[in-house]
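Colleague: Sharing a structure here in structure tokens format.
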Amino acid sequence: MKSRLSIISLFFVLNGCTSLPPAAIRNIPFVDLSYQTVNQDINAYKDVPIRWGGVIIDVENEKDFSLVQILFYPLDKKGYPQTSRNNEGRFVIESSDFLDPAVFAKDTEITVAGTIKGDIERTIGNKIIKVPLISATAIYLWPKDYRYYYGPGRYGYYPPYPYFGYYGYPFFYRGYYWPHPYWW
Numbered sequence: 001m002k003s004r005l006s007i008i009s010l011f012f013v014l015n016g017c018t019s020l021p022p023a024a025i026r027n028i029p030f031v032d033l034s035y036q037t038v039n040q041d042i043n044a045y046k047d048v049p050i051r052w053g054g055v056i057i058d059v060e061n062e063k064d065f066s067l068v069q070i071l072f073y074p075l076d077k078k079g080y081p082q083t084s085r086n087n088e089g090r091f092v093i094e095s096s097d098f099l100d101p102a103v104f105a106k107d108t109e110i111t112v113a114g115t116i117k118g119d120i121e122r123t124i125g126n127k128i129i130k131v132p133l134i135s136a137t138a139i140y141l142w143p144k145d146y147r148y149y150y151g152p153g154r155y156g157y158y159p160p161y162p163y164f165g166y167y168g169y170p171f172f173y174r175g176y177y178w179p180h181p182y183w184w
């Protein structure tokens with residue numbers, strides 16, 4: 001009984017470790033501000049550290065800096081953009097590094113930590129809008145298969161490797177839950 005209890009407690013401890021944000025954005029201090037709050041009066045929140053995320057729309061590389069336009073989505077506790085929720089608008093990040101458009105491709109999920117620098121005008125079709133401009137301190141691009149392993153996808157919320165069992169759950173093997181008529 002004691003060994004079973006220790007295995008179960010070890011499972012919960014290891015499972016709790018997977019709920020942390022990635023190391024690139026984990027230890028950067030930030031203020032949890034919503035997009036709507038900042039967008040109402042951008043100048044009131046200048047130089048405030050934030051962590052926002054979303055989906056990349058466009059990348060522009062200038063001589064000394066790069067601008068990335070992002071469609072804002074709220075973040076979950078791991079810092080992952082919740083694309084299943086409604087987007088709230090756009091924001092632009094500025095980085096002094098060269099950001100390759102092949103790496104920072106359209107529709108890639110991204111989380112950014114930085115400070116609010118002000119606003120910037122963007123042209124969408126024939127309309128000019130003002131969006132928040134963030135000076136990026138840390139940028140994290142989420143892997144394409146992240147939602148496959150950790151999100152509500154085909155196999156649920158099972159982490160990849162290492163884990164006891166074949167494909168993420170002790171009773172999951174070759175695409176079927178065990179016991180399955182496939183083995184009879």
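Take 1 as the starting number for the sequence shown in full-length UniProt numbering and just add one per residue. Glycine included, C-beta positions come from ideal geometry on N, C-alpha and C.
What do you reckon, are the CB atoms on V48 and F104 nearer than 8 angstroms?
Modeller: Residue numbering aside, residue 48 sits at position 48 when the sequence shown is read from its first letter. Residue numbering aside, residue 104 sits at position 104 when the sequence shown is read from its first letter. Not in contact: V48 and F104 (Cβ atoms no closer than 8 angstroms).
Colleague: Below 7 angstroms, is the gap between the Cβ of V68 and the nearest heavy atom of the ligand NAD?
Modeller: As presented, the structure is devoid of all ligands, the ligand NAD included, so that no description of it is given.
Colleague: Restricting to Cα atoms, I'd like to know which of K46, S34, W52 is closest to I25.
Modeller: Locating residue 25 in the sequence shown gives position 25, counting from the first residue. Cα-wise, what sits closest to I25 is W52.
Colleague: Work out the CA separation of T123 and A113 for me, nearest whole Å.
Modeller: Translated into positions along the sequence shown, residue 113 becomes position 113. Translated into positions along the sequence shown, residue 123 becomes position 123. One C-alpha to the other measures close to 25 angstroms.
Colleague: Using CA atoms only, rank isn't needed, just tell me which of S34, D107, N87, P29 is closest to I57.
Modeller: Here the question's residue 57 lines up with position 57 in the sequence shown. The shortest Cα separation from I57 among S34, D107, N87, P29 belongs to D107.
Colleague: If we ignore side chains and look at the alpha-carbon of each, how far apart do A23 and G54 end up?
Modeller: Walking along the sequence shown from the start, residue 23 turns up at place 23. Walking along the sequence shown from the start, residue 54 turns up at place 54. Their Cα atoms are separated by approximately 18 angstroms.
Colleague: Could you tell me whether the segment 74-86 touches the segment 124-134, using the rule of 3 or more Cβ pairs below 8 angstroms?
Modeller: no
Colleague: Tell me which residue opens and which closes the beta strand (DSSP E) that T115 is part of.
Modeller: Indexing the sequence shown from 1 puts residue 115 at position 115. Its beta strand (DSSP E) spans residues 109-124.
Colleague: Measuring alpha carbon to alpha carbon, tell me which residue in I110, F72, E121, V92 is nearest K144.
Modeller: Translated into positions along the sequence shown, residue 144 becomes position 144. By alpha-carbon distance to K144, the top candidate from I110, F72, E121, V92 is I110.
Colleague: Consider the Cβ of F72: report whether some Cβ of chain B lies at a distance smaller than 8 angstroms.
Modeller: As a matter of chain content, chain B is missing from the structure shown, which is built from one protein chain.
Colleague: Would the beta-carbon of S135 fall within 8 angstroms of that of K117?
Modeller: Here residue 135 is taken as the residue at index 135 of the sequence shown, counted from 1. Here residue 117 is taken as the residue at index 117 of the sequence shown, counted from 1. Yes, the pair counts as a contact, with Cβ atoms nearer than the cut-off.
Colleague: R90 and L71: beta carbons closer than 8 angstroms?
Modeller: The residue given as residue 90 occupies position 90 in the sequence shown. The residue given as residue 71 occupies position 71 in the sequence shown. In this structure, R90 lies near L71, with their beta-carbon atoms less than 8 angstroms apart.
Colleague: Looking at N61: is its Cβ nearer than 8 angstroms to the Cβ of L20?
Modeller: As a first step, residue 61 must be located in the sequence shown, where it is residue number 61. As a first step, residue 20 must be located in the sequence shown, where it is residue number 20. In this structure, L20 does not lie closer than 8 angstroms to N61 by Cβ.
Colleague: Assign G125 to buried or exposed, taking buried as 16 or more other Cβ atoms, counted over all protein chains shown, within 10 Å of its Cβ.
Modeller: In the sequence shown, residue 125 corresponds to position 125, counting from 1. Exposed is the call here.
Colleague: Which residue comes first and which comes last in the beta strand (DSSP E) that contains I134?
Modeller: As a working mapping, residue 134 is identified with position 134 in the sequence shown. Its beta strand (DSSP E) spans residues 127-141.
Colleague: Between which two residues does the beta strand (DSSP E) carrying N61 extend?
Modeller: Position 61 of the sequence shown, counting from 1, holds the residue named residue 61. It spans 49-61 - the beta strand (DSSP E) in which N61 sits, taken as one unbroken run.
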